[in-house]
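This is the structure:
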């Protein structure tokens with residue numbers, strides 16, 4: 067079984083697009099096996115985005 071990680075960026079969450087993004091994957095026959103909403107700390111965000 068192949069798995070793919072998908073992350074909705076902060077602007078997508080702000081614009082309430084998460085549901086539509088998930089729906090598009092499901093409409094193509096992909097199955098959602100997990101979902102986790104995370105609000106990173108500033109330190110984690112800076113490290114991840116190397117600002």
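Residue numbers (the numbering used here): 67 to 117.
For each residue, glycine too, the CB sits at the ideal point set by N, CA and C.
Three-state class that DSSP yields for residue i in the structure shown
i	result
residue 113	helix
residue 72	coil
residue 85	helix
residue 90	helix
Pick from the options that is closest to residue i, judged by C-alpha positions
i	options	result
residue 114	73, 92, 91	73
residue 75	116, 104, 109	104
residue 67	98, 89, 107, 110	98
Other residues of its chain near residue i: CB distance less than 7 Å, five sequence neighbours each side excluded
i	result
residue 86	none
Cβ shell of residue i (< 8 Å), same chain only, five flanking positions each side left out
i	result
residue 92	98
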